[in-house]
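Here the structure comes first, spelled out in structure tokens, and everything after it is commentary.
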Amino acid sequence: MKCLPLVAVLSLAIPHALGLGQESCVSFRASEGSFAVVSRGRAAPVLIAEEEWPGVQRAAADFVADIERVTGVKPSFTNATAERTPSSGELPIIVGTLGKSPLIDQVINATGLDVTNITGKWESYISRRVDNPLPGVEAAYVIIGSDKRGSIYALYEHSEQFGVSPWYWWADVPSTRQSSVYVSATGCSHGEPSVKYRGIFLNDEQPALQNWAQEKFTNGTGPPFNHFFYANVFELILRLRGNYLWPAMWSGMFGVDDPLNQFTADYYGVVMGTSHQEPMMRSTPNEFSALGLGKWDYVGNKDVIKKYLKEGVERSKNFESLYTMGMRGFGDLPLSEDTNIQLLQGVIADQTQMLQEVYGTEDVSKIPQVWTLYKEVEDYYTRGLTVPDYVTLLWSDDNWGNIRGFLPPSERNRTGGAGVYYHFDYVGDPRNFKWIISTQLQKVYEQLSLAIARQSTRLWIVNVGDLKPYEREIEFFLGYGYDASRWNHENLGEFVSLQSQRDFDVNAATATTITSIVANLTRYNSRRKPELWNATVYSLANYREAETAVADWRTLEAASTRIYNSLPNNYKPAYFQFVHHPVIASANLAALYVTAGQNNMRAIQARYSANGLAETAERLFEVDYDYELQYHRMLDGKWNHFMSQTHIGYDYWQQPMANSMPPISRVHARKQALAGIMRIVPEYTYGAWPGDNRHNCRDGYNCGDHTFHINNYDVFGSRYVDVGAGGPNAFTFTVASNASWVRLSSTRGSISTRNTEERVYLSVADWSQLHEGPNAAVVTFTSSSRDHPTLNVKVNFVATKVSPPAGFKGFVESQGVISIEAAHAQRNTPVEGVTWTELPGLGKTLSAITPLPRNEQSFAIGTGPSVEYDFVNFNTIGGSGNLTITFLLSPSLNAATDEKPLAFGVSLDGASPIRVQPVPASSRRGDPPGWGTHNGWVANAINKQTLVFNNVKTGAHNLKITMMETAVVLQKIVIDAGGIMESYLGPPESRLV
Ligand SMILES: *[C@@H]1O[C@H](CO)[C@@H](O)[C@H](O)[C@H]1NC(C)=O
Ligand SMILES: *[C@@H]1O[C@H](CO)[C@@H](O)[C@H](O)[C@H]1NC(C)=O
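If you're matching positions, the sequence shown starts at 181 in this note's numbering and goes up one per residue.
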């Protein structure tokens, strides 16, 4: 594999002041009409009304503190009325919420400021300079919210642009010092967010979040998730423009652990919910179990459960709450085998009655409610269970980032709308992922943009595990929900670039480098979650796959280390948390597994060098813990415990109770191998010569020499042979070919316990000297040593010269394979305004393509937008005339409804197209066949669909893919002409002529 291309990033010359993705209204130099927040050591006083929301009062106090953080000057902050405004001589900043602030009413009255754009709107705001806002006040900068959070977002937007990152505390981002700060006369403004409720779910909080919270927010006893802890979470959510939280629930009881929790959420302005399995704002099962209320059985214990749930409503009714309706069983399991639709419908009817009674109103449609269609519940919905129109329907992803459903077109006018429950972190089948970032923003965007297109925009919630280390992804999730039109498949790199400039204070060029580091970090970790890695994920023999994977990681690590070292010390912790730690820790883990794999292989091959790799693997295993400690000890232990998640040596879906070293092997260091002193190991085999090895040939003994095939379109242009020690004895060796056209990278070498291996490359010196068809040579490796018999090992080297037809343009077979990145089509034909479009950076090796726009058009087979690929083959499988074509697709699901499953058409050489449906129709209760196990779609992060074509001649061909349904995401195409070898990513891309 070649080095992966860097993600193209638009480097914009941005002013330093920025709110991620927002328009800029802050500058650090005065300009025409600008308003001084701080200049010449004096700060504008901040005025607010006494009647204001306490949460806005609180956020305004943050705003004041943020100004001081940046400038060192603390503004005065006072309650004011029109009659009583402080006369410091400075022009004031006046903050307030429509309908809540007499001060703001007065300003609007006095200035005639037009607030119709935000009046009655959800979470909207304006800010601007006004003249004569109050008696005796010549001018002011007003910040006006349409409601509580409108004002809060406005304040934090300004803070962020002043230079206080939302992550100033949670990821230790320093603020750049400014002597002056100005806001523009026209200010900043924002309308309603794209998604109404945008939240995170703290989940599976042991061992990281819980132990940390216990250490930092309690005196060692008492529940860890108290209001001191949550206050930090609430502030972060609001600074990130979110508004919603599902609290930690495995080891917490939000409403019980600390009586101030619910109050604090409401005071800050965060809407509380509970997870999909915890109805009516009670932490279930914890609270239910703690109270000893008997069985969680709505048939047998109905009255008790009803009373219990009703208390949840009573406890929450004074706070902004979003009720989870319905019911699941204990431990997030189905309620019971025979739970039926009637029962669940009855539960919801009873819950509706509770809301009516507690809120004292017949009409509960204004109380936000959500019903999550998770696992079996989705099946009930499909089978006709209905809930009131005003209840939001929440579809989940498959826990692995593939959304299972959206609001069908027929239901789009339901007043409760629909939403998405997404995962960055997960505990369950086929394996947990909760150690480190393993999600691509490109994937998150690809899936959530479907939610935008299909109007599932009432509520988005993402499972973020321990919160850290998914900082960037959380910000993107909440930010995309806030401003869906701001981000698209082409500017996701800009998001990372802007975040880097804001949080690491780097220039645009460095930010571009960081963007590519992040793109590759998340790409490599989402090829397969680190928890699913082992010693043989990447092929140790074929396509140089394993060593390329490690080399790519090391390149990334070096690039990240250069940036880390170049940063001022006060910026290092933030960069370490966002980028550097995940890069070095993941790179080390990848190297550990590959090293263990090579060690195992070399031991079987009787190579003395296995022992050195065993030592390396043991060292890398220790380094893993070093990195964990480095994270924990940073900043005097501020983030102690956060990296304590075990992640090495998984044996089934659940986390191991300790990290365990992948198995390694050793050979006797003092004993000579049976087969002699020299070991010859060609690539593309696990075998070794001389002597026997079960990989040398089918029977594993009496095998012939190894034969290499290469043609003049080979991706690597060479084949290598490793020459290694078969024991402690030194020897020299020579390499010779019987044909002058063979180029050898070296013709001699010496091997000893200090230099245990040498690699020799075989290639063709000059293809023009060869005749068409196969040209055979024999390369002989000869050992020489005083005390041991001379060994001669031959390797056959067959160079086949091929010629594509005259004028052919397209991909050329080598080694019996044609491999094509989907983005590299020869022709791309739109139909009815829909075009197969590249999603840059998405997927395992380069990118992916999908039809855009996503307007849910369907096309009959063969009639849709198409992409065409031209290729030439010189072989068919075993000369049979068969070719297999495998499509490597992102593992998306049939989310549009089963009537419109994902599908596309494939035709070869103009034959009638074949319909491919990557995901078979299946019960909504579970996952489709092929999805699960450690070798299924989500574990492999790919859905492979293979077609066999018969009677294919050698020569030029045309492969045409036509759109049938929206949301097919195609990464790569691999055509087997008889030479495919096992690998994880598929062969590297063929040569394009
Ligand atoms: C304004 O008055 C309220 C209510 O008395 C109080 O809670 C708040 O702290 C005051 N704000 C300022 C800035 O003094
Ligand atoms: C608005 O201004 C008018 C005069 O311009 C005054 O009569 C009225 O009382 C003011 N209303 C408020 C709420 O201040």
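For each residue, glycine too, the CB sits at the ideal point set by N, CA and C.
*Could you name each continuous alpha helix (DSSP H) segment of 4 residues or more that falls completely within the stretch 368-418, going from the start of the chain to the end?*
388-397
*With hydrogens ignored, establish whether the beta-carbon of PHE257 is closer than 7 Å to any heavy atom of ligand 1.*
yes
*Count the other CB atoms within 10 Å of the CB of GLU670; is the residue buried (16 or more) or exposed (fewer)?*
exposed
*Report the three-state DSSP secondary structure of TYR321 (helix, strand or coil).*
strand
*Can you say whether HIS951 is buried or exposed, counting buried as having 16 or more other CB atoms within 10 angstroms of its CB?*
exposed
*Nearest residue (CA-CA) to TYR900, options PHE888, GLY506 and TYR893*: PHE888
_So, with DSSP's three-state summary, where would you put TRP171?_
No information on residue 171 is available, as it lies outside the stretch 181 to 1173 that the chain covers here.
*Beta carbon of TRP713 nearer than 8 Å to that of LEU769*: yes
*Helix, strand or coil: which one does DSSP assign to THR1015?*
strand
*Taking the runs of the alpha helix (DSSP H) that are 4 residues or longer, which of them lie wholly in the stretch 545-590?*
556-562
*Return yes when at least one heavy atom of ligand 1 lies under 7 Å from the C-beta of GLU230, else no.*
yes
*DSSP on ASP242, reduced to helix/strand/coil?*
helix
*So what's MET1161 in DSSP terms, helix, strand or just coil?*
coil
*Kindly indicate the opening and closing residues of the beta strand (DSSP E) around LYS1124.*
1123-1129
*Are the stretch 644-655 and the stretch 378-394 touching, with three or more C-beta to C-beta distances below 8 Å?*
yes
*Starting from ALA754 and walking both ways along the beta strand (DSSP E), at which residues does that stretch end?*
Run containing ALA754: none in the beta strand (DSSP E); it sits in the alpha helix (DSSP H), 752-755.
_Rounded to whole angstroms, what is the Cα-Cα separation between ILE1065 and ASN700?_
27 Å
*CB-CB under 8 Å to PRO548, same chain, minus the five flanking residues each way: which ones, in chain order?*
TYR377, VAL451, SER501, LEU502, TYR503 and THR572
*Closest by C-alpha distance to LEU198, when choosing among ASN423, GLN341, SER943 and LEU271*: GLN341
*Provide the residue(s) that pair with ASN259 in DSSP beta bridges, ordered along the chain.*
ILE228
_Assigned secondary structure, VAL922 (DSSP; H/G/I helix, E/B strand, else coil)_ = strand
_Whole-angstrom C-beta distance between TYR864 and MET1161, which should lie under 8 Å_ = 7 Å
*State yes or no: is the C-beta of GLN237 nearer than 7 Å to some heavy atom of ligand 1?*
yes
*asked:* Please state whether the Cβ-Cβ distance between LYS497 and TYR539 is less than 8 Å.
replied: yes
*Should SER948 be labelled buried (16 or more other beta-carbon atoms within 10 Å of its own) or exposed?*
exposed
*Tell me whether PRO710 sits in a helix, a strand or coil according to DSSP, three-state version.*
helix
*Count the other CB atoms, across all protein chains shown, that sit within 10 Å of the CB of VAL479; report buried if there are 16 or more and exposed otherwise.*
exposed
*How many angstroms separate the CA atom of PHE257 from the CA atom of GLY367?*
20 Å
_Contact under 8 Å by Cβ, GLY792 with GLN852_ = no
*Find the nearest neighbour of ARG1171 within the set ASN891, ALA1091, ASN593 and LEU809, judged by alpha-carbon distance.*
ASN891
*According to DSSP, which residues form a beta bridge with GLY1166?*
BP columns for GLY1166 are empty, so no partner.
_Outcome for PHE443 when other beta-carbon atoms lying within 10 angstroms are tallied against a minimum of 16_ = exposed
*Beta carbon of ALA320, beta carbon of LEU271: below 8 Å?*
yes
*For GLU1012, count neighbouring C-beta atoms within 10 Å of its own C-beta (all shown protein chains included) and say buried if the count is 16 or more, exposed if not.*
exposed
*Determine the direct distance from the alpha carbon of PRO969 to that of ASN126, and round the result to whole angstroms.*
In the structure as shown, the chain begins at 181 and stops at 1173. Residue 126 is therefore absent and cannot be evaluated.
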